[in-house]
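A.B. asks:
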Amino acid sequence: MPYRKYKRFYSESVLKKYLLLFMLLYCGGILAQKDSTMFVHQPNRNDNISDLSDEINITPFIHNASNGFELRAKKNLRYDPNESIGFGLRLSHKWLILAIGYGPKNIQEKKHGSTDYLNITLNSYGKQLGFDAYYLAYNGYYISNPAGIPELNQAYGKNFPTLPGLSTLNIGCNLFYVFNHQKFPYRAPFVQNELQKRSAGSFILTASFSYYNLKSDTGIILALAYNHIPTESRITDGSFNSLSIMPGYTFTLVGLKRFFFTLSPSMGVMVQYQTYCIENETQTRNVVDIAPRIMTRVAMGYNGKHFYTGFNGVLDNYNVHLANKDFLLYTIGGGSF
């Protein structure tokens, strides 16, 4: 009996000790887990970005757009509009961005002929999604590199051949998606109604549609340049519809808390449907083509809560393959300060 009582006493005491130890460890683990989660910092968009979109931002700007194109054959011909520097005001509030600009025609370069143009752009930059829509209509171009063709150089000297009947129309939209929107605000460098506190970047995916049309009653190739441009590349008018998909990466470097520099390159592929006419041909050519597409955005400046300034620009290149390995390269671009 004593032995059994001792054994029973020993077993019960050990059981109680283990039970007590288990409860202590279990409760301690729960408390430790709760304490650890209390001190672990959860990611928050406000840690990296200050949202200033509720404020009304009024910004004067100077802009210079680009809507030229180049025909690359045996010799290259570069066509540019005679654009003047424009001045305007940009108003932004929340998601709405309205820009009104004016380019005085009386400051156009006299040697470049006269260009009439209308630029309308609409931008929307959300936290993850955004788009750029544009309407660009130009009438009146000049050849900006006549020195590259001996016949033109001899005939015009320091002057420039003008094509007052040449016009272009470009309508398009770029839709983009920002992956790392918790740390990278896309509208901070390009609209400046958000403030990026730390350097950060993000992968970005851009899908776009573009319609480009050029036409001229007399053709775009001057007779003096015929020896350098094959017959099959002498376009008189054409329409080019493009669908593109472009992955890219964008990064903003922040220094001294307020100064920033942003580089945003994207490169991909586009499917293009071409309809164009050639000199002395009555039949329209219809071609489906696949070509590369490159677009680059850049911005730099100072982002304060009450004062900000900066420069941003875009360069968007399209390639149109023609016969004999010639191609037409047109560019949408420009910058504003």
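For what it's worth, this note's numbering labels the leading residue of the sequence shown as 255, then goes sequentially.
Virtual Cβ for every residue (Gly too), placed ideally from N, Cα, C.
Contact check, phenylalanine 581 vs asparagine 571 under 8 Å by CB: the rounded distance?
C.D. replies: Wrong, their Cβ atoms sit about 11 Å apart, outside the cutoff.
A.B. asks: Give the DSSP-derived three-state secondary structure of serine 368 in the structure shown.
C.D. replies: In this structure, serine 368 counts as coil in the three-state DSSP scheme.
A.B. asks: Once you ignore the five residues that flank arginine 539 on each side, which residues in its own chain have a CB closer than 8 Å to its CB?
C.D. replies: Excluding sequence neighbours, arginine 539 sits near Gln528, Thr529, Tyr530, Cys531, Ile532.
A.B. asks: What does the alpha-carbon distance come out to for the pair leucine 569 and proline 358?
C.D. replies: Their Cα atoms are separated by approximately 24 Å.
A.B. asks: Give every residue of the same chain whose Cβ lies closer than 8 Å to the Cβ of histidine 435, excluding the five residues on either side of it in the sequence, and list them in chain order.
C.D. replies: Within the same chain, histidine 435 has close Cβ partners Arg299, Lys381, Gln382, Ser456.
A.B. asks: Using the Cβ count rule (16 or more neighbours within 10 Å means buried), how would you classify valine 525?
C.D. replies: Its Cβ having fewer than 16 others within 10 Å, valine 525 is exposed.
A.B. asks: I'd like the list of long-range same chain contacts for tyrosine 379, defined as Cβ closer than 6 Å, with 5 residues on each side in sequence excluded.
C.D. replies: These residues qualify, in order along the chain: Tyr440, Arg441, Val445.
A.B. asks: Quick one: Cα of threonine 460 to Cα of glutamine 362, how far?
C.D. replies: Each residue's Cα considered, the two are about 35 Å apart.
A.B. asks: Can you tell me where the beta strand (DSSP E) with glutamate 655 in it begins and where it stops?
C.D. replies: Summary: the structure shown does not reach residue 655, with the chain confined to residues 255 through 591, and so no result is reported for it.
A.B. asks: Give the single residue among Tyr389, Tyr480, Phe494 whose Cα lies nearest to the Cα of glycine 426.
C.D. replies: The residue with the shortest Cα to Cα distance from glycine 426 is Tyr389.
A.B. asks: May I have the straight-line CA-CA distance separating isoleucine 475 from histidine 317, to the nearest angstrom?
C.D. replies: Near 30 Å, if we compare the C-alpha coordinates of histidine 317 and isoleucine 475.
A.B. asks: Could you have a look at phenylalanine 581 and say whether DSSP puts it in helix, strand or coil?
C.D. replies: Looking at phenylalanine 581 - three-state DSSP - the assignment turns out to be strand.
A.B. asks: Would the region 413-426 count as touching the region 390-403 if we require 3 or more Cβ pairs under 8 Å?
C.D. replies: Yes, the region 413-426 is in contact with the region 390-403.
A.B. asks: Please determine, among Ser498, Glu486, Ala454, Arg452, the residue with the shortest C-alpha to C-alpha distance to serine 238.
C.D. replies: As shown, the chain starts at 255 and ends at 591. That puts residue 238 outside it, with no answer to give.
A.B. asks: Which residue marks the beginning of the alpha helix (DSSP H) containing alanine 442, and which one marks its end?
C.D. replies: Start and end: 441-444.
A.B. asks: With DSSP run on the structure shown, which of helix, strand or coil describes tyrosine 527?
C.D. replies: Correct three-state label for tyrosine 527: strand.
A.B. asks: Are the Cβ atoms of serine 493 and asparagine 534 separated by less than 8 Å?
C.D. replies: No, the pair does not count as a contact, with Cβ atoms beyond the cut-off.
A.B. asks: What's the gap between the Cα of glutamine 287 and the Cα of asparagine 557?
C.D. replies: Confidence at glutamine 287 is low in this model, with a pLDDT of 45, below 50, so its placement is unreliable and the value that follows should be read with caution. Their Cα atoms are separated by approximately 41 Å.
A.B. asks: Excluding five sequence neighbours on each side, which residues of the same chain lie with their C-beta closer than 6 Å to the C-beta of phenylalanine 433?
C.D. replies: These residues qualify, in order along the chain: Ser456, Phe457.
A.B. asks: According to DSSP, what are the bridge partners of leucine 476?
C.D. replies: Answer is none; leucine 476 lacks a bridge partner.
A.B. asks: With a threshold of 6 Å on Cβ separation, who are the neighbours of leucine 325 within its own chain once the five nearest residues in sequence on each side are excluded?
C.D. replies: Contacts found: Leu331, Leu582.
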